[in-house]
Every structure is written in structure tokens, then in C-alpha cells.
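In UniProt numbering, the protein residues as written are 1 to 910. Where is the CB? At the ideal position from N, CA and C, for every residue including glycine. Quick notes on the structure that follows.
Structure follows, in C-alpha cells:
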């Protein structure tokens, strides 16, 4: 375990700063070795940000021997943002790595050209085993020594043959240019004339040809990463390629092929075809499309590159056609078996012979059917490739949009910088004024009047709050009269009253209860049992209509169980059913007699001394009262309850619409929300993703991840008794309306085509007329009283959200009832869900249709996802976990909590 000095040294070396006290405590508790601590910091976002911003000197290196996959070790440069960074994160060239390891076998032979520090060399040597052989080529001496050290670190000297040389079509010497400022030691190219800008030159590097070496083994696989020299390397190995016909995995960078090998990409592919190879693109799914000629836009694109495979017909039969011919071989075997039985029983069983002939005919029909199916699958594959090409074009357009957004962001940053300069000047003026006020205050405190006032203040603290407030106001009135300030104070009071009247939002909605005066309210609170917590939201909670209301009711229950007296203020003029207000009253909550922003402000000003805790909900409602609460209740702790990050949801809607005005509005919401997070004593979010976003944008702000709370009720209806799928949500919330429209327009027709008997029911309020009626098999049920009972009739729920933020209550409710859910990545965000274990995630209409049909027709899959969903709900959505998390956060804030909760262990034992 590293001591304090070691921890400080490691932080200074890697992050350029001293560790914070909580970081020292955390790493001391982890009891990591100094090496393990260094790796944690290297893989942190702060380290990557320093490297990205260029805080490390160009050309600096820091080599360590790190552990990669399967317990193997590799020497990596911590300053390298290329191969070394990919090796540490275990994601360097994932498609190429996966394909090579799938081809190599025990006792095989692998040639690694451009081995660099040995990522493919070490993994290949591990895969071929002691009886196999790996030939590795690395031209740069410094990198070659790291390659050798990596091989020795794993004890692979007996199975690896290493060459410190470049490969070309002629033996001799070459020069190589490296680019230290790119922080990618893997980028080094052969040059013959001018040295590229910002490059350093390594001269007199020995060059050899593949055909000039003695190969005592048959080569199975060659990997080439020559930074444009691939054509030269292969021309120098023509005899070896003709002899062994190995599989070739090569980097394909048209621009560098022209510069280094002086060949066009089409000529390079023609050379491979001349040797008897066919060229395919290597994708993340494996062998991709066959490449005959490169499209013109890519052939001259300076940034385009990919990985290609060169395969012989034998390779194609083995890796492409053999799996497809499996079904044909099965039926041919069955045919031969039937024919053998017929020949053996021909003389004695003429009747059986007829039956066998019929069976043979049936098998032939099945074979034809499977061949037709194979043709259909090939057609669908071609169609899927076309869709992928279209998606690639869409991604290109999205990249252009992002570039435009970046330009706008730069302009906004410049504008903010100018405003910041003006604010700094104002700060200097205010600091000077503050210094004058401090001097005046010190002089006042040294006076006899101040000493006398101190004694009076101590006595006043023993007076009851209502009487103390009256005495303070009387004292101020007397002082203003004596000093002549009374006329000015009266004028300021009238102006403030006019401003509060103008700030009221919308018409006031009068409820039946009478308006109570501040004195009566103070008197009633004087007999309270515990500290007072005030919650401000835009509505009374409606737990039978939306998920956010369920969370609001759970928050009230948790506060009451901790011993708080709870008051609830509604800042909007929304007209609601009175039963929701009465529901709060029945729980023991004090509710304001009138709704609206004006009444909420007046209530806070009139009762400023009674609040211990104020919870402001949503940036657009509770958030507008932050400054008022901080001014009138300086001793109260303020919690900002986001419900979800509004700016994140607005940004996603803006991206879908492409509206500049919507993007600007989302940016304004983000600025206000982040300001509230930075100034509140605590911020509550409902998803881990939102917590991570705020940790990055407002690093020092205290943020509590409060998971959704739901009653976990295991399913009782069997799979066979269920039918159909469903969606639940309030449609006054725009993301829910967008999700249903997208589902009915793009997804539901595909589902009906594949599963024509499946039905879709919709539950919730405020669905616009005509949406559900327009589609066959769709039913709108409106709100339901018992959501679990409805879930018991379904085989799956769907959550095809494209926009939105925060954890999704509809998903939590479905999982808590053990009902499998098919949802989008946006709906799964921040809830620790695992695709294929407790949910099924899809983001295209085709994926949604595939997964819905699979889940509703496969009993085994349904049982597995249902069990996983229920297990996650028990772990993550329990009432006890949420209550303990809030309790701990309040204690940490310094809020007096009257009633202690049972320990987490005690809760778990029950």
C-alpha cells in the first residue's frame, strides 16, 4: 500500500497536482500498490484530458510494464495516445484483434509486420502455444527494444523470432519519419525525399525482403501495418505468398499507399488478385463485403482508411461457404441413410420401399426449401448492407452538423469571455467596496454600542420565534425613525411590493380553503414536533398518472419517517383534482391554501425563520425561487431536485428537430441548471449518467444519485396466459408522445408483418385523439388504477424513447413486476441495465421488431429476462436503499435529522 509521500509523488507525476484529502483517504482504503495506483490515474478522464489538451511536452515518454488481457504483460508508453492507450484500455484495433485470434490455432505460424510494442505479437504467441511460431518485424530500434522486453516479460522467447528491420521490395537501407507531436508512436512512415512537416528522421534503417528469409514453417497468417508500405512488403514476398497462400490482414490507407508505395489502391488490390486472392473489408462483425474497386470519393479521401482481408478460394470455402452448406450436408447425410436402409430391405419390404421413396421426396422438397431460404437470407443480407451504407451517410451528415455546432460554441465562448472580463472589473469595484464595509464594521464592533447589542442578541435568542420577529421589526422601525431613514425605507418597501406583484406568473387559481395570515401560520408552526422541510414543485403529486409523482410521494414519506414536519407549495397555477391535495394532507403534510408563484414567494417571506430544509423541484419552477430562499432563509439548507436534467432532454429534442432556436433554449436551460447545482447544498438526480455529467461540468458540487423506488411484486401469470405488449406514460410529457408516434410509424408495421397476432395497448393520460385508432391491433386504455395487474396480462413492455433524460419510471415499474422490457439506449441510460440479461436494448426499427417478436414467442428467453429484471429491481429500487441514501446525505449536509434509521445491515436481515 503506498504511503502519503508516494501518493503525492504519483499524483504530481501523472496529473500535475497534489491529491485532495478525500482522494488520499480513498486510495489508502483501497490498499493498492504504487503500480496499481498509477494505472488507475492513467486510465482516468483527468489524465486523458491533460494529454488531449497538450499539457505533456511533445516527445516525452514514460514506459511501464502493464498487465493486459489473460494475465499477459506488455511494455507501454503512458504518453502514447495510440497503441499504448488502446492496449491499456484493451480496445486496440478490436476487429483486427478478434479476427486474428479467431484464425490462429495451437502450433500455427503467424507473421506480425509492423509489430510496434508487441500487442499482436504477444497475443499471437499466447494463442499458438509452445509448438507454434511468431515472426515479428519492427524497424525502429527504440521501439524494437520495447517489443523484445514485452516478449521476454511473458517468457515467449522460444516461440518468437524478432527482426529489427524494415520490409520492402529491395534489400538495403531506408529512412523513416516519426511524428512526436501526434502522441502516437505507432505512426512512422518510410520517406525517400522530403521530410513531412513536424517530423523527425531516422536514417540508415536496414531493409530486407520476405523472400530473402529462410522460412522453415508454413505461414498461416500475415498481419501488415506498414503505414503505406504494404505494397512494397508484399512485392518482396511474392514467392512466399505463392508457396503458402497465407491469410493476409492489412491496413488499407489509400493516401499513404500513394505516398510511400507509389501505387493506387486499385492497383494494390489488382496485385493481390493476380496472386490468386480475393479482397474483403474487415468489419467489427468479421468478414465484410468483397472489394473490387474503391469508390472515387474514398480513393482520394485523405482521411479514409480501413482494414482488408486477402483470402484464397480455400479460405472462403472454410470461413464463409462451409457454415452455409451445413444444412445441405445434413440433408445429404439423411438421404444417404434412407437410401442405405432401402437397399438393405428391398427384397423383404416392398411396402417400406415405397415409404422410403416418399420420405426421400419429402427430404428433397425440404432441401429446396432451405436453398430458397438461403437465397432469401442472402437477399436480406444485401439489403442490410445497403441500410448500413445509408446509415454511414447519415453519420457523415451528423458529423457536419456537429462541426457547425462546435463553431457556434466557439463564438459563444468568445462572447462569454468578453462578458467575464467586464464582470472581473465589476468584482474589483465590489471588492474595494467590501473592504470599506469591513473596516466600518470593525470600527462598529469595537464601539460600546456593539458590545451592548451583543448582550441583547444573546438574550433575544431565548425569546420565542414569533415574538422575536415582532421585536426585530419594532426595533428596526424605531432605529429608522431616530436616524431619519423611515421615509426612504417606506419608499423601498412599496417598490419591492410592486416588483413582486409584477413577477407573478399567470392568473391565480383559488382553492376552497381560506387564505391564512402569517401570524396564524407562525403560531401553528410554533408547536411543531420536528424541523420543517418545505418542498416546492409545479403540482400536487399524482402517483396514479406519472412516474415523477410516485418519486415525489416517496420523498415526502422518507422525510416524515425521519421526523420532519413537511410543507408543500405549488408554484404553478395548474388546475388539479382536489383529491391529490387531500392525499398529501392525509399523510400529515401542511399544504398552502393557494397555488401560484406569488403565493409561494409570500409564504417563504412570511415564514422565513421556520424552515430547516427547502427542496426546490425542477429548474423551471422550484428553481426560480432559489435566490429568494437563500436571501430570506440563510440558515436553511437548499436541495435542488432535478427530477431529470431538463437541458439534456431539450438538447436531444433540439438535435432531432435541427432548430437553432431550440438549441439556444437548451443552452440557456443548461446554464441555469448548472448554476443551481453549483450553488445548492445538495442536488438530487435519478440516474448514474446524470451524476457523471454533473461531476464533469460542476466538479465540486455535491450530487446524490437517488434511484427510483418501486414496490417489487414477482409475476404470477405464466407465459402461456399472457399476450400482447404495452407502453405506459403521461403524454403531456413530450418524450413519451414522440416515442409512441415513432413506434406506431416505424416499428409497429414491422412487428405486425412478422407477428400478425400480436396486440399493442397504451396506458396513460392526455394521448391526442386519433393516434392509437389509426393502427390495427392498437388499443388506448387511458389511465389504469393497478399498473401491476395490467402488467400481468402482457408478455413485454416497450420504451422506444428517442429523447429525454434521467432514469425512466416506466422501465423501473416494468422490471419491478418482473415484466421484460424492450427499450432504447436513451430509455436504458443511467440505470445499470445489461442487454440480454435483464432487458433487451434496440435502437433501430428492425432491431425493435426482431427483439419484440423473439421475446413474445420464446418462453425460455422470457423467463430468463424476467428473472434478471426482478433481481435488478430488488437490488436497485428498494425503499430502504433510497431512504438510507437521503438520510446519509442530510447528515453530511449538517441538517439535524430527529429520527435515526435502522442500519443497512438490520434492514437487510429482515
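Give the range of the beta strand (DSSP E) segment to which residue i is assigned.
| i | result |
| --- | --- |
| residue 73 | 73-77 |
| residue 916 | An answer regarding residue 916 cannot be provided, because it is not within the stretch 1 to 910 covered by the chain. |
| residue 853 | That residue, residue 853, is in no beta strand (DSSP E); its alpha helix (DSSP H) goes 845-857. |
| residue 208 | 200-208 |
| residue 742 | No beta strand (DSSP E) holds residue 742; the alpha helix (DSSP H) holding it covers 734-742. |
| residue 162 | 160-163 |
| residue 176 | 172-178 |
Out of the options, state which residue places its alpha-carbon closest to the alpha-carbon of residue i.
| i | options | result |
| --- | --- | --- |
| residue 882 | 96, 138 and 554 | 554 |
| residue 605 | 534, 549 and 585 | 534 |
| residue 541 | 581, 75 and 158 | 581 |
| residue 113 | 90, 144, 489 and 546 | 144 |
| residue 636 | 608, 650, 620 and 662 | 608 |
| residue 677 | 739, 616, 188 and 33 | 616 |
| residue 809 | 711, 858, 662 and 843 | 711 |
| residue 290 | 297, 298, 280 and 724 | 280 |
| residue 823 | 816, 833 and 887 | 833 |
| residue 21 | 32, 8, 13 and 14 | 8 |
| residue 62 | 5, 858 and 81 | 81 |
| residue 531 | 537, 566, 544 and 539 | 566 |
| residue 159 | 169, 201 and 108 | 108 |
| residue 560 | 691, 571 and 589 | 589 |
| residue 93 | 603, 431, 413 and 305 | 305 |
| residue 47 | 10, 243 and 348 | 10 |
| residue 861 | 846, 843 and 820 | 820 |
Can you give me the Cβ contacts of residue i inside the same chain, cut-off strictly under 6 angstroms, excluding the 5 residues immediately before and after it?
| i | result |
| --- | --- |
| residue 731 | 737, 764, 766 and 767 |
| residue 899 | 562 and 563 |
| residue 505 | Here residue 505 scores only 37 on pLDDT, less than 50, and its place in the model should not be relied on; the value that follows carries that caveat. If we look at residue 505 and ignore the five residues flanking it on each side, its Cβ neighbours are 597. |
| residue 816 | 710, 712, 873 and 877 |
| residue 906 | Unreliable placement is indicated for residue 906, whose pLDDT of 43 sits below 50; the coordinate value is still reported in the next sentence. Result list for residue 906: empty, nothing under 6 angstroms. |
| residue 34 | 2 and 6 |
| residue 744 | 775 |
| residue 389 | none |
Could you check how far apart the C-beta atoms of residue i and residue j are, in whole angstroms? I think they sit under 8 angstroms.
| i | j | result |
| --- | --- | --- |
| residue 99 | residue 115 | Residue 99 to residue 115, Cβ: 17 angstroms. No contact. |
| residue 165 | residue 208 | 5 angstroms |
| residue 798 | residue 727 | 5 angstroms |
| residue 120 | residue 223 | 6 angstroms |
| residue 117 | residue 76 | 6 angstroms |
| residue 105 | residue 72 | Contact doesn't hold; Cβ gap of about 18 angstroms is too wide. |
| residue 363 | residue 334 | 6 angstroms |
| residue 591 | residue 568 | 5 angstroms |
| residue 254 | residue 299 | 6 angstroms |
| residue 14 | residue 38 | 7 angstroms |
| residue 152 | residue 187 | The Cβ separation is near 26 angstroms, so there is no contact. |
With residue i as the anchor, note down where its alpha helix (DSSP H) starts and where it stops.
| i | result |
| --- | --- |
| residue 22 | 21-30 |
| residue 221 | Counting along the chain, residue 221 falls outside any alpha helix (DSSP H), though it belongs to the beta strand (DSSP E) covering 221-224. |
| residue 83 | 83-88 |
| residue 911 | Residue 911 is absent from the model: the chain starts at 1 and stops at 910. |
Given residue i, which residues of its chain have a CB within under 7 angstroms of its CB, disregarding the five upstream and five downstream residues?
| i | result |
| --- | --- |
| residue 725 | 758, 760, 794, 795, 796, 797, 798, 852 and 856 |
| residue 849 | 747, 750, 751 and 754 |
| residue 215 | 240 |
| residue 893 | 637, 681 and 682 |
| residue 368 | none |
| residue 141 | 164 |
| residue 665 | 650 |
| residue 513 | Low per-residue confidence applies at residue 513: pLDDT is 38, beneath 50, and the placement is therefore not dependable enough to give any value. |
| residue 577 | none |
| residue 42 | 14, 78 and 88 |
By Cβ distance below 8 angstroms, which residues in the same chain neighbour residue i in space, the five residues on each side in sequence not counted?
| i | result |
| --- | --- |
| residue 273 | 279 |
| residue 646 | 618, 619, 620, 669, 673 and 805 |
Write down every uninterrupted run of the alpha helix (DSSP H) in the region 610-666 whose length is 4 residues or greater and which is fully enclosed by it, in chain order. 626-632 and 646-657
Would you list, in sequence order, the uninterrupted beta strand (DSSP E) runs of no fewer than 3 residues that lie entirely inside the region 754-821? 760-763, 778-782 and 796-799
Restricting to runs no shorter than 3 residues, where is the beta strand (DSSP E) found entirely within the region 248-305? 278-283 and 286-290
Every unbroken alpha helix (DSSP H) inside the region 552-576 [4 residues or more]: none
My parser needs the beta strand (DSSP E) runs of 3 or more residues fully inside the region 110-135; what are they? none
Whole alpha helix (DSSP H) elements within the region 686-728, 4-residue minimum: 688-697
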